[in-house]
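Just so you know, the sequences run in chain order P, D, Z and H.
End of the first sequence sits at 489 in full-length UniProt numbering; the numbers just go up one at a time, nothing left out.
End of the second sequence sits at 489 in full-length UniProt numbering; the numbers just go up one at a time, nothing left out.
End of the third sequence sits at 489 in full-length UniProt numbering; the numbers just go up one at a time, nothing left out.
End of the fourth sequence sits at 489 in full-length UniProt numbering; the numbers just go up one at a time, nothing left out.
There are 4 protein chains.
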Amino acid sequence: MIDAKEVARHNTSSSCWVIIHNIVYDVTDFLSSHPGGVKAILSLAGQDATEEYDPIHPPGTLEESLEESQILGPVDPSTITTITPMPSLTSLSPEKDKSKNDIPPLEEQLNLDDFAITAEKVLSPKAWAYYFSASDDLLTKQHNNTAYQQILLRPRIFKDVRDVDTRTTICSSPVAFPVFVCPAAMARLAHPSGEAGIAEACGREGVLQCVSNNASLKPEQIMASRVSDKQPAWAQLYVQEDRRKSEALLKRVDALGFTAVVLTLDVPAPGKREADERVKNSVNTASATPSEGIQGKDKGLGRALFAGTTPSLTWEDLKWLRKHTKLPIILKGLQTHEDASMAARREVLELGVTGIILSNHGGRAADTAPPPVYILMEIRKHAPEVFDKLEVYVDGGIRRGTDVVKALCLGAKAVGIGRSALFGLSGYGVDGVRRVLTILREEIETTMRLLGVYSLEELGLEHINTRALDQLIYQEPQGLSGGIIKAKL
Amino acid sequence: MIDAKEVARHNTSSSCWVIIHNIVYDVTDFLSSHPGGVKAILSLAGQDATEEYDPIHPPGTLEESLEESQILGPVDPSTITTITPMPSLTSLSPEKDKSKNDIPPLEEQLNLDDFAITAEKVLSPKAWAYYFSASDDLLTKQHNNTAYQQILLRPRIFKDVRDVDTRTTICSSPVAFPVFVCPAAMARLAHPSGEAGIAEACGREGVLQCVSNNASLKPEQIMASRVSDKQPAWAQLYVQEDRRKSEALLKRVDALGFTAVVLTLDVPAPGKREADERVKNSVNTASATPSEGIQGKDKGLGRALFAGTTPSLTWEDLKWLRKHTKLPIILKGLQTHEDASMAARREVLELGVTGIILSNHGGRAADTAPPPVYILMEIRKHAPEVFDKLEVYVDGGIRRGTDVVKALCLGAKAVGIGRSALFGLSGYGVDGVRRVLTILREEIETTMRLLGVYSLEELGLEHINTRALDQLIYQEPQGLSGGIIKAKL
Amino acid sequence: MIDAKEVARHNTSSSCWVIIHNIVYDVTDFLSSHPGGVKAILSLAGQDATEEYDPIHPPGTLEESLEESQILGPVDPSTITTITPMPSLTSLSPEKDKSKNDIPPLEEQLNLDDFAITAEKVLSPKAWAYYFSASDDLLTKQHNNTAYQQILLRPRIFKDVRDVDTRTTICSSPVAFPVFVCPAAMARLAHPSGEAGIAEACGREGVLQCVSNNASLKPEQIMASRVSDKQPAWAQLYVQEDRRKSEALLKRVDALGFTAVVLTLDVPAPGKREADERVKNSVNTASATPSEGIQGKDKGLGRALFAGTTPSLTWEDLKWLRKHTKLPIILKGLQTHEDASMAARREVLELGVTGIILSNHGGRAADTAPPPVYILMEIRKHAPEVFDKLEVYVDGGIRRGTDVVKALCLGAKAVGIGRSALFGLSGYGVDGVRRVLTILREEIETTMRLLGVYSLEELGLEHINTRALDQLIYQEPQGLSGGIIKAKL
Amino acid sequence: MIDAKEVARHNTSSSCWVIIHNIVYDVTDFLSSHPGGVKAILSLAGQDATEEYDPIHPPGTLEESLEESQILGPVDPSTITTITPMPSLTSLSPEKDKSKNDIPPLEEQLNLDDFAITAEKVLSPKAWAYYFSASDDLLTKQHNNTAYQQILLRPRIFKDVRDVDTRTTICSSPVAFPVFVCPAAMARLAHPSGEAGIAEACGREGVLQCVSNNASLKPEQIMASRVSDKQPAWAQLYVQEDRRKSEALLKRVDALGFTAVVLTLDVPAPGKREADERVKNSVNTASATPSEGIQGKDKGLGRALFAGTTPSLTWEDLKWLRKHTKLPIILKGLQTHEDASMAARREVLELGVTGIILSNHGGRAADTAPPPVYILMEIRKHAPEVFDKLEVYVDGGIRRGTDVVKALCLGAKAVGIGRSALFGLSGYGVDGVRRVLTILREEIETTMRLLGVYSLEELGLEHINTRALDQLIYQEPQGLSGGIIKAKL
């Protein structure tokens, strides 16, 4: 048993100890390789870091990075003045906890925006900033949220809509309705049940979850929370600089019963999420050197998570990926009709690519990147054959069942939600995510009834009026040859 | 005479009594079939429910649903502590009543918006929420209110406009000007004179009323309030799951002297009116079960009224309707040129359809459904022959005489107002509705004079500039065959 | 000498006396023919009405309407408790007078908006409402104010702009720059110098004034305030129901040296100016009868001024006008290319029509009428030959020298300002109007220099980019024959 | 040694002395030729004017304008009550100085807007007004700031973006990234290091500075602050009425090692910057004469700086310029495709013109002049060959790295920033400017990575979607001959 006062002495980069869940670790040698930066650890050196560590690292993360000798043993509880509670909503400050009593009953959350309002009350400023933030001036995020509203519906009359059927399949898995949960990272910032809670909610509501590569729980824990072994789940992949790490992950993914691999391509470099950076900055201490002033400091949680990801993938890397997984491959982050066409080439399909997710990473990659509905319309305009060769999914900006139906009318097979699932989790855990999904399903059903359609297959271009957006969709400039498709596989 | 204390003991679902207008009713067996839900009654079990019951049920509604033995007899007045007053503006809370003294003199209400402002002061929160609410994010309601403003007028000079004539006919009935009152439900939430008050006002101002299928007075009472037997009136029909109920209503409609039947088609399922739901929720108690949390609770007055309506009408049902009425049939709720064309088919006309109302149900059906003026322009663009075969009416978003004139320029025969009539009624009863109509008529006359036209027949496309909207009107996507018209009668 | 107490007894419609400038008048017989309504007088019956009467009636107005016997003679000053001061800024309430001390020095008024802000402080609520108000929802007024801003300038470089010349001629009169003051009524509500003050300011700055038919001074007084006999001035004409009144006016106009007659055609009926009506209502007493509640009451100063104007002019009436004046005729209020074409017909030109003013009456006629710049562009698009046959002027919404230059690039010969002249007058009298004109001239000069032009003749379509408006300009709907031009002269 | 009390007596236009840096000057004869106006000096007559004089005049300015006999000698320090400190942030009021302590640490300035917010806190009202102000209603400034946001990016996937290279050349000088600092005047209003501080920052960050013709330091001082002799710098030229002054300047420019001359053409006359004028007015005393009221008073610092500039340059003057410099010539302020085409004529190129800067002078010339990105698109549309013959630069409205990248996609070679550099300087001196540049460079790198390009040469029209702006770009009106190009060289 180690005396906490002894731990407190090791609070510099020369000797840095931390306590996590009552175990003392010597992280001195690990400091420089910490993906989240040296400072993040040093600011907790010599102290109990459980509260900070816990919600953003899957269990065992630290152990995997240390030698056995660096795990120093249990702290003597009698020497600690304050004890960190076991996993719970620890990231909430006391003020926030109080407001938690004021959050509305779950049944009074009537739409997805209600959940965002509640989440802002419940979450710590850091978690809120991480979830809510997007790149630069939030222009793409704003576009995501409003683009669907520019499309008008065309309801038909005298249709028998007693029974409407929202069921479909996504990548061969049957689902209750065409919505899936996107790979949003760090779910335990929202609620201790984290990604596992989302898994259970998805199972109960019959939808599919894509598990983040940066989940705050191990994939084993998340998959164990499924309602049944048949519950479909996708595994997100950020390819690491050290390919062996990614290959190891793919092995676990295969073994755990995931049903597809989602290769994420929309952030070859992290976007600039200033709200995230500001919170981070306000927590840390002032910069010491002038050069730090000029260069800036900590770039926020979003950039820290990116550490280690390779920025140099090309189409050729699909061959490597195929070698290391037997699962269907889905490409996430396409934003142009050119890339959609390239993904629909025979040689790409033969490598096992079965679908693409049109996504601007929730407005967190390039600001002023197009909203997904623009990309859908661009493919519809310039490369409609893509819809015959690949399942096309979209994510970003879904707030209403009408949004989902409009995406389907344009050719999408299903639609992903990200922040909304996290916001549902924030206030209410598993039940919150279920209610988010229930609201969307009911809104989809209502929209289908009011349009006069009874099955998703019926939905088509004749059910929407896209004139307000038509003139904004990319048109190849005159003189640009069609020679865009030149990247070899 | 029954002791009120005895009534108070029957306050559960096993034995549920209520007092209405000093009569005690045993509604235990009726509970489960109440269209408005069990809870709405249970929250008043054992009590005097007159205040809640009265403004939303036509007299005799309850008696029709009960056996004679369930009407238990008069309560002993001496045993009641508080007595509900006879029909009056009972839904107003005391605070509201006070503010009522502050409402402006009628002659200072200068336009329709003024009446909305006053109504918000006068009405109970529940009534205001029911009237004001629309679907989802109110986008369609917003479009309704602003679309007419995008159209510019083209005034001509050197025209003799000493005498302008606003008279016309609607479905063969002569009217003073081309405005009618839409079938808005629950008018007694606004004022005790309810739909009867609107009938009297319409008679005095020479316009036509369409009586709601969900009126808070019996059609007999409403028709009796007409100024003369020749005053035209339309009967709205929501076809019920139990067709015999609708057939019985049609018989009464024929007998009472209605001049047309308006078959409502724009809400095969109720829209999601969240303001309405929120008020309802705030009144009721908290949900007991977790599943109720996930599924949500009470869906508001708007959805309650929908209970019993069939969602499975098709064009074939027009034959059934024709069998049960001799009156002209008007189809309400068309929102596409395709359906307008289908309504103009010879076989439909032969079944007695004489007109169509382009309507998105005041923004209360599908959100992002097009505003009526878009539909008018779409028919003008894709199916102009419809205007020769059917009278085309529009409702939704009329705030000004200029709006009415613009609709007429585009080919509408007349224009309906809904909320404005209720708002006029709210603050001022019959006189308020009359002033609403007078304002519209005077604004129409002014607009005609300033345009340089003396009769409605003169109005045409040359009097408006629709360029701001032209590019937003639906254009059939390339590759969509014209094979839309496939529904057989 | 009449005792004021005696006057006070004649305060009903049976016997109604008023004191104006210390003279007692018996207006009992005149009551019913007062263009401003009975009530306006009755509310002052038995009292000194000078303060109300003075700023809106040219001197002698009342004398002209009464028999000699109805002019009863001077009041005994010793019997009056309060004496109305001689003409001054009497319409200002004391509170307003105080704030007058706070108005900024004239040289700190840097643009036309500054004058509007100051005017709102200085003017009585009634005067402000009358000047500021426009029809219905002020949509056309808003369009007027913003349409010019949608047009971009196209500055050229390497032009010698040392000397720029803003001089031109308007209807053969040389002017210092292409701006004139529109016929705005009731200038004495702004300042006791009234329209005479405007005349002096125009003379000093070398621009032209069009004198309102409803001026608050006699045309003789206004013309006498000109800086020289050669100072050009136009006379506005509203043709009266009683043509002899108009013929009499035309005779005075000829005799006084006016240089043209401006026949106003844009308000065959008064628009609905609600701000104006609201002020009026708030001053008067409550309505007595229910019908008054339904019909509304006083319609404001704007409508009162309209009383007596004929609503039935046609092109034929130009012959009558020609018979009664030798002056050039300018038609004011054209709003379509069709009417511009009709005005440019040979038979119209032969009657002495030399120019047209494109105008929507400052947004006070039909709301959603097009802003003048749209009309300019419509004529440019559909009937460009009009610019060769007539001088085309515009008014409405001019706030900047750039606005003036843009109108000229589109083909206008000159541009009118209305409210701005009154607002300049409000705070500062003659000097204020001069500064308004100076600001505009300097802004025009700066714009010319920055565009790289040295004379007005150089300005053309190549100096502006109108793309933002191009798609909003009226396009004749397909199927509409060109047969619009059918009105015979 | 002169007694300060003696100085105080010379405080009129008959005898006017001022103290600057403890030296007494007799400026009586100079008064009338002061470019900033008589009043600016008279308001300081008899006093110590150091604080007012210093930040807007390069050292020695006054000495150059006076005879030796007018430099009267040092003031006796013991006779002065308050002594002006030596050069420092003297233009800050005490209140401002305090707030200076509250400005955020440099590393928390995350984007260019942050610097503007801080600058408003730090700067004196006069300096803020001078920097921030633009013409008239700031419409062009607003366009500048938002036009880039209307263009969407088109990110490509599967591109190796490990190494991105932002290096390029501008006018043959190698730079670290394609941004330069525009010739913004009066930098010492922001910080005592003034333009010299900007020079050092540009050197450290590897970018180019264009030195203002109206710098508050001598060009010798600015050039001496460069990091190395090879650091490129351009010299701005406003041609003076007195050409000899400009010729003298050109000689110094050649001698000092400037690498190009930037001939500024966008303000042949000063625009109307009202914020600047208002501050100036509020400082000065009230106007004495009525005519001053009508004509307005002091026109602000922006106009004062313009004094002496010639308004009559033509293409012919390029020959004069060529005669007096051997440096490459860059034309600043082109705003039309016509002028771009004229600049690309062989005879112009032969005179040494190598580049053009598309600029509306930061919104300070003609209001409603087009934003630079419109001009880029106009040239791309009507005269694309210009990009082959000249380097095309743009300035105005750059707030983000995405803005820079979009300009480059459209064909720009580099992009200038003006206010941002001054705002960086305001709060933080040299380091602030460096951080502004660092932020831009990092944002450019991130944008390149997210677009999937590794070098600037790759950027092209296929990386942006300009549809939202396409319809706003100038289109030659039908009937306008192509005969625009008629100015002879």
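Positions of the beta carbon are idealized from the N, C-alpha and C atoms, including for glycine.
Here the structure is a predicted model, which means the values were calculated and not measured.
> Could one say the Cβ of residue 465/H lies closer than 7 Å to chain P's Cβ atoms, at least one of them?
Replying inline: Chain P, which has a Cβ nearer than 7 Å to the Cβ of residue 465/H, makes this yes.
>> Output needed for residue 499/D: all residues of its chain with C-beta closer than 7 Å, excluding positions within five of it in sequence on either side, in chain order.
In response: As shown, chain D starts at 1 and ends at 489. That puts residue 499/D outside it, with no answer to give.
>> Helix, strand or coil for residue 237/H? Go by DSSP, reduced to three states.
In response: In the structure shown, residue 237/H sits in a strand (DSSP, three-state: E or B).
> Going along chain D in order, which residues have a C-beta closer than 9 Å to the C-beta of residue 183/Z?
Replying inline: The contacting residues do not exist; residue 183/Z stays about 17 Å from chain D at best.
> Using DSSP with H/G/I as helix, E/B as strand and the rest coil, what is residue 73/P?
Replying inline: When secondary structure is reduced to three states using DSSP, residue 73/P falls in the strand class.
>> Less than 7 Å between CB atoms is the rule here; does residue 502/P satisfy it with respect to chain H?
In response: What the structure shows of chain P is the stretch from 1 to 489, and residue 502/P is not part of that stretch, so it cannot be assessed.
> Relative to the alpha-carbon of residue 368/H, which residue among 116/H, 408/H and 144/H has its alpha-carbon at the smallest distance?
Replying inline: Per the Cα distances, 144/H.
>> I want to verify the contact list: residues of chain P whose CB lies under 9 Å from the CB of residue 271/D, in sequence order.
In response: The contacting residues are 446 and 450.
> Which stretch, first to last residue, makes up the alpha helix (DSSP H) that contains residue 219/P?
Replying inline: Element bounds for residue 219/P: 219–224.
> residue 441/Z and residue 177/Z: beta carbons closer than 7 Å?
Replying inline: Yes, the pair counts as a contact, with Cβ atoms nearer than the cut-off.
> Hey, out of 450/P, 80/P and 66/P, whose CA is closest to residue 5/P's CA?
Replying inline: Selected option, being the one with the closest Cα: 80/P.
> Going along chain Z in order, which residues have a C-beta closer than 9 Å to the C-beta of residue 161/D?
Replying inline: Chain Z residues near residue 161/D: 268, 269, 311 and 312.
>> So, under 8 Å CB-CB, residue 467/D and residue 130/Z are touching, yes? Tell me the CB distance rounded to an integer number of Å.
In response: The Cβ separation is near 33 Å, so there is no contact.
> From the beta carbon of residue 155/P, is the nearest beta carbon of chain A less than 7 Å away?
Replying inline: The structure shown contains no chain A; its protein chains are P, D, Z and H.
>> Check whether the stretch 427–437 of chain Z and the stretch 199–216 of chain Z are in contact - that is, three or more C-beta pairs closer than 8 Å.
In response: Short answer: they touch.
> From the DSSP output, which residues share a beta bridge with residue 414/D?
Replying inline: In DSSP, residue 414/D forms a bridge with 393/D.
>> Considering only DSSP beta bridges, list what residue 510/H is partnered with.
In response: Here chain H covers residues 1 to 489 and nothing more, so residue 510/H does not appear.
>> Ignoring anything shorter than 3 residues, give me the beta strand (DSSP E) runs that lie fully in the stretch 283–360 of chain Z, in order along the chain.
In response: Runs found: 329–334 and 353–358.
> For residue 471/H, which of helix, strand or coil comes out of DSSP?
Replying inline: In the structure shown, the three-state DSSP call for residue 471/H is coil.
> Residue range of the alpha helix (DSSP H) that residue 65/P falls in?
Replying inline: Start and end: 61–65.
>> I'd like the span of the alpha helix (DSSP H) that includes residue 409/D, first residue to last.
In response: DSSP places residue 409/D in the uninterrupted alpha helix (DSSP H) bounded by 401–409.
>> Give me the residue from 371/D, 300/D and 316/D with the minimum Cα distance to residue 334/D.
In response: The closest CA to that of residue 334/D, considering only 371/D, 300/D and 316/D, is found on 371/D.
> In the DSSP assignment, what are the bridge partners of residue 169/H?
Replying inline: Its beta-bridge partners are 174/H.
>> Beta carbons nearer than 7 Å to chain P: which residues of the stretch 422–433 of chain H have them?
In response: Listed in sequence order: 431.
> Any idea what DSSP makes of residue 152/Z, helix, strand or coil?
Replying inline: It is a strand residue.
>> Under 8 Å, with one C-beta from each stretch per pair, do the stretch 119–129 of chain H and the stretch 265–282 of chain H reach the 3-pair mark?
In response: Three or more Cβ pairs drawn from the stretch 119–129 of chain H and the stretch 265–282 of chain H lie within less than 8 Å of each other, which places the two stretches in contact.
>> Let me check understanding here. Comparing Cα to Cα, which of 75/Z, 462/Z, 44/Z and 472/Z lies closest to residue 476/H?
In response: Of 75/Z, 462/Z, 44/Z and 472/Z, the residue nearest in Cα terms is 462/Z.
>> On the CB-based measure, 16 or more other CB atoms within 10 Å of its CB, does residue 105/Z come out buried or exposed?
In response: The residue is exposed, with fewer than 16 neighbouring Cβ atoms inside 10 Å.
> Whose C-beta lies closer than 6 Å to the C-beta of residue 152/H among residues of the same chain, with five residues either side of it excluded?
Replying inline: Within the same chain, residue 152/H has close Cβ partners 465.
> Which residue comes first and which comes last in the alpha helix (DSSP H) that contains residue 2/H?
Replying inline: Per DSSP, residue 2/H belongs to no alpha helix (DSSP H) and is neither H nor E.
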